[in-house]
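What follows is a set of notes on a single structure, which appears directly below.
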Amino acid sequence: MLYLPADAPLTPGDLVRMARGGGAVRVSGLEWQPTALFGSGRAALAAGLRALGIGPDDEVLLPAYLCESVVSPVVEVGATPVFYPVGRDCGVDLALLDAAIGARTRAVVLIHFLGFPGPVEAVRDLCTRRGIALVEDCAHALFGRLGARPLGWFGDVAAFSPWKSLPLPDGGALVLNRPGLVAAEPSVRPSTARSAARLGYRALGTLEMAVGWSPRLALLHRASLRRGLHDATSGAPVVDEGMSAPARRMLAAITPQRAASIVARRRANYMQMHAAFAGLSWARPLFGALPDGVCPLGYPLVVEDRDHWRDVLLARGVNVRTYWEHLPAVVDPDRFLDAAWLRDRILILPIHQGLHGRQVGRIARLLASLETRS
Ligand SMILES: Cc1ncc(COP(=O)(O)O)c(C=O)c1O
118 MLYLPADAPL
128 TPGDLVRMAR
138 GGGAVRVSGL
148 EWQPTALFGS
158 GRAALAAGLR
168 ALGIGPDDEV
178 LLPAYLCESV
188 VSPVVEVGAT
198 PVFYPVGRDC
208 GVDLALLDAA
218 IGARTRAVVL
228 IHFLGFPGPV
238 EAVRDLCTRR
248 GIALVEDCAH
258 ALFGRLGARP
268 LGWFGDVAAF
278 SPWKSLPLPD
288 GGALVLNRPG
298 LVAAEPSVRP
308 STARSAARLG
318 YRALGTLEMA
328 VGWSPRLALL
338 HRASLRRGLH
348 DATSGAPVVD
358 EGMSAPARRM
368 LAAITPQRAA
378 SIVARRRANY
388 MQMHAAFAGL
398 SWARPLFGAL
408 PDGVCPLGYP
418 LVVEDRDHWR
428 DVLLARGVNV
438 RTYWEHLPAV
448 VDPDRFLDAA
458 WLRDRILILP
468 IHQGLHGRQV
478 GRIARLLASL
488 ETRS
């Protein structure tokens, strides 16, 4: 029996670290600028847009490949989301981005998809030249670097969603890089009951892994339940909520050494998975080799007949993600054909720090066995 969760589950070691954690939160890797803490990445994004003075009558450019939770902060501050194309490799065509900037455009949001840096230096230059702000969406890119710089350094503001990479009950972080910017304090206090429930949910992953089975696998086969889950997570409204006490304690307990070991584990798992892909015909990696400095969120595959392969992997105990099988209704799939192409083909294999080489090896052997049957 095998069950491998999609995200890093909460372990007893994490709980011990949480109990020991305390004091001021200095988020490892984000110490270079004032960082405001929120309950979610979308709340951090909305606070970043507000700090930039963006509101009604303004437009914000967003990549056409994204989920509702990146659009909703723009709508929340009263601005209008406008989209620019993303290629089948998640790349950005700078000429098309430049052409999409209009008289009311105040900011460009650049997403570092799955932790892989977008063309952030070139987009930084473009934004400076056109006199608009760069919002770096680092929701997938905690601990990532580009050359000597941490991701989140390039934007006027940068938003993180640390609960995606760490087993926290919640969490969003906003980094303000432009001098003089100030973020408002979150107006809603986090609910203790909800963060306890979320901690329990994340701890369940450890139990399920130990038993080698999870009810999630059966549930995720059902398209209607997947849609419901998507609506309840990506589609959830932006609440201007602070980070919960357990999440703060856990973040405070992540030392630079611990962060480095998480990055090393994720990178090693990614590379091991990547080696397994040489010669597979039914799937190909979205990004290929791992550039220096990347802390990958997952291992993205491009597959034809994605829903079939998802079912196959779920049936074998591997919890795969899609990131994103539904685009927001405001993105026109007939106009953004490559975003729709990705939406229909992407699958994300787990490579998080909760998995060791042996478990990644099991996924690799499974992939090879599927090759002979495909
Ligand atoms: C690229 C990106 N940005 C922002 C967010 C919002 O983060 P959160 O779910 O913490 O609100 C998400 C969530 O999936 C995301 O994928």
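Numbering (the numbering used here), first residue to last: 118 to 491.
Cβ coordinates follow ideal geometry from the N, Cα and C atoms, glycine included.
Since this is a predicted model, take the numbers as computed values, not measurements.
Quiz item: In the structure shown, what three-state DSSP assignment does C244 receive?
Solution: Counting from one through the sequence shown, the residue named residue 244 turns up at place 127. Reduced to three states, the DSSP call for C244 is helix.
Quiz item: Contact between the stretch 120–129 and the stretch 271–289: three or more CB pairs below 8 Å?
Solution: yes
Quiz prompt | Inter-stretch contact at 8 Å, needing at least 3 Cβ pairs: the stretch 418–431 / the stretch 460–478 | solution = yes
Self-check item: Extent of the continuous beta strand (DSSP E) run through D254
Solution: Taking the sequence shown and counting its residues from 1, the one referred to as residue 254 is at position 137. Unbroken beta strand (DSSP E) run through D254: 250–255.
Quiz item: Roughly how many angstroms lie between the CA atoms of F230 and Y182, to the nearest whole one?
Solution: Here the question's residue 230 lines up with position 113 in the sequence shown. Here the question's residue 182 lines up with position 65 in the sequence shown. If you take the alpha carbons of F230 and Y182, they lie about 9 Å apart.
Exercise. Can you grab the Cα-Cα spacing for the pair D449 / T439, in whole Å?
Key: On the sequence shown, residue 449 is found 332 positions in, with the first residue counted as 1. On the sequence shown, residue 439 is found 322 positions in, with the first residue counted as 1. Taking the straight line joining both Cα atoms gives about 19 Å.
Self-check item: Quiz: which residues have CB nearer than 5 Å to ligand 1 non-hydrogen atoms
Solution: S157, G158, R159, S186, V187, I228, D254, A256, S278
Quiz item: At which residue ranges does the stretch 405–450 contain complete alpha helix (DSSP H) runs of 4 or more residues, listed in the order of the chain?
Solution: 423–432
Exercise. Note down, in chain order, each residue of its chain lying with its Cβ closer than 7 Å to the Cβ of G352, except the 5 sequence neighbours on either side.
Key: For the purposes of this step, residue 352 is identified with residue 235 of the sequence shown, where counting begins at 1. Closer than 7 Å at Cβ, skipping near neighbours: E185.
Quiz item: With a Cβ-Cβ cutoff of 8 Å, do G156 and P307 count as a contact?
Solution: Numbered from 1 along the sequence shown, position 39 holds the residue referred to as residue 156. Numbered from 1 along the sequence shown, position 190 holds the residue referred to as residue 307. Their beta carbons are under 8 Å apart, which means G156 touches P307 by this criterion.
Quiz item: In angstroms, rounded to a whole number, what distance separates the CA positions of V447 and P354?
Solution: Along the sequence shown, read from residue 1 onward, the residue named residue 447 stands at position 330. Along the sequence shown, read from residue 1 onward, the residue named residue 354 stands at position 237. In a straight line, the C-alpha of V447 is about 16 Å away from that of P354.
Quiz item: From G219 to G478, what distance separates their C-alpha atoms?
Solution: Position 102 of the sequence shown holds residue 219. Position 361 of the sequence shown holds residue 478. One C-alpha to the other measures close to 49 Å.
Quiz item: So, are the CB atoms of G195 and P180 less than 8 Å apart?
Solution: Here residue 195 refers to the residue found at position 78 of the sequence shown. Here residue 180 refers to the residue found at position 63 of the sequence shown. Against a cut-off of 8 Å, the Cβ pair of P180 and G195 comes out as no contact.
Self-check item: Residues near D409 by beta carbon distance below 6 Å, same chain, minus five either side
Solution: Residue 409 sits at position 292 when you count from the first residue of the sequence shown. Excluding sequence neighbours, D409 sits near nothing in its chain.
Self-check item: Identity of the residues DSSP links to A290 by a beta bridge
Solution: Taking the first residue of the sequence shown as position 1, residue 290 is located at position 173. Note: A290 sits in a beta bridge opposite L154, F277.
Quiz item: How would you label W149, buried or exposed, when you count the other beta carbons within 10 angstroms and need 16 or more for buried?
Solution: Here the question's residue 149 lines up with position 32 in the sequence shown. That one is exposed.
Exercise. Tell me whether the beta-carbon of P413 lies closer than 8 Å to the beta-carbon of R383.
Key: Counting from 1 along the sequence shown, the entry for residue 413 is found at position 296. Counting from 1 along the sequence shown, the entry for residue 383 is found at position 266. Yes. Within cutoff.
Exercise. Give the straight-line distance between the Cα atoms of L475 and A385, rounded to the nearest whole angstrom.
Key: As a position in the sequence shown, residue 475 is number 358, starting the count at 1. As a position in the sequence shown, residue 385 is number 268, starting the count at 1. This sequence places Arg at residue 475; Leu is not what is there. Looking at the two C-alpha atoms, the distance is approximately 12 Å.
Quiz prompt | Where the beta strand (DSSP E) containing L179 begins and where it ends | solution = Counting from one through the sequence shown, the residue named residue 179 turns up at place 62. Unbroken beta strand (DSSP E) run through L179: 176–180.
Quiz item: Can you tell me whether DSSP reads R339 as helix, strand or coil?
Solution: Within the sequence shown, numbered from 1, the residue matching residue 339 stands at position 222. Of the three classes helix, strand and coil, the one that applies to R339 here is coil, per DSSP.
Practice problem: Using the Cα positions of I468 and L132, report the straight-line distance between them to the nearest angstrom. | Solution: Translated into positions along the sequence shown, residue 468 becomes position 351. Translated into positions along the sequence shown, residue 132 becomes position 15. Approximately 21 Å between the Cα atoms of the pair.
Quiz item: When DSSP labels each residue in this structure, what does F200 get in the three-state scheme?
Solution: Position 83 of the sequence shown, counting from 1, holds the residue named residue 200. If DSSP states are grouped into helix, strand and coil, F200 belongs with the strands.
Quiz prompt | Beta-carbon proximity list for A258, same chain, < 6 Å, skipping 5 on both sides | solution = Within the sequence shown, numbered from 1, the residue matching residue 258 stands at position 141. Excluding positions up to five away in sequence, the list reads H229, G232, L268.
Quiz item: Residue ranges of each alpha helix (DSSP H) run of no fewer than 4 residues wholly in the stretch 342–410, ordered along the chain?
Solution: 362–369, 373–393
Exercise. Identify whether I480 lies in helix, strand or coil by the three-state DSSP scheme.
Key: Along the sequence shown, read from residue 1 onward, the residue named residue 480 stands at position 363. Correct three-state label for I480: helix.
Exercise. Check each candidate in S145, A164, M135 and name the one with the smallest Cα separation from P303.
Key: For this step, residue 303 is matched to residue 186 along the sequence shown. When only C-alpha atoms are compared, the closest one is A164.
Quiz item: How big is the Cα-Cα spacing for S415 and L444?
Solution: In the sequence shown, residue 415 corresponds to position 298, counting from 1. In the sequence shown, residue 444 corresponds to position 327, counting from 1. Per the sequence shown, the amino acid found at residue 415 is Gly instead of Ser. Answer to the nearest angstrom: the Cα atoms are 19 Å apart.
Self-check item: Residue burial classification, R315 (beta-carbon count within 10 angstroms, cutoff 16)
Solution: Residue numbering aside, residue 315 sits at position 198 when the sequence shown is read from its first letter. Its Cβ being crowded by 16 or more others within 10 Å, R315 is buried.
Quiz prompt | Cβ-Cβ distance between P190 and L162 below 8 Å | solution = The count along the sequence shown starts at 1 and reaches residue 190 at position 73. The count along the sequence shown starts at 1 and reaches residue 162 at position 45. Yes; because the gap between Cβ atoms is below 8 Å, this pair is in contact.
Practice problem: Identify the continuous alpha helix (DSSP H) that holds L147 and give its terminal residues. | Solution: On the sequence shown, residue 147 is found 30 positions in, with the first residue counted as 1. Run containing L147: none; DSSP gives neither H nor E here.
Exercise. Identify whether V142 lies in helix, strand or coil by the three-state DSSP scheme.
Key: In the sequence shown, residue 142 corresponds to position 25, counting from 1. DSSP places V142 in coil when its eight states are reduced to three.
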